[in-house]
Amino acid sequence: MTDSSPDPARAPEPPRRRKHRRVVRQGTEREHVEGVTEDERGGHGDNDDRLLRDLPPHWGRR
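Residue numbers (the UniProt record's numbering): 1 to 62.
Structural data, given as structure tokens:
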């Protein structure tokens, strides 16, 4: 027998598992609302800019 033959008493090691990759999905929120016309939505006011400035950078930005 040679040294390169596998030992029958020793089970082969299972392959190492990879760490799970974090999945980031794009949100489904849209500014366009189905069934609502431009007139019903209203415009962007001065308060909108102030509110968006107070939010963290990744919220509410387009």
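Backbone N, C-alpha and C define an ideal beta-carbon position, used for all residues, glycine too.
L55 in three-state terms, based on DSSP
It is coil, neither helix nor strand.
Alpha-carbon to alpha-carbon, H58 and D48
D48 and H58: Cα-Cα distance of roughly 16 Å.
With DSSP as the reference, label R50 as helix, strand or coil.
It is helical.
Using the C-alpha atoms, what's the distance from V23 back to R55?
Going by the sequence as given, residue 55 is Leu instead of Arg. The straight-line gap from Cα to Cα measures roughly 24 Å.
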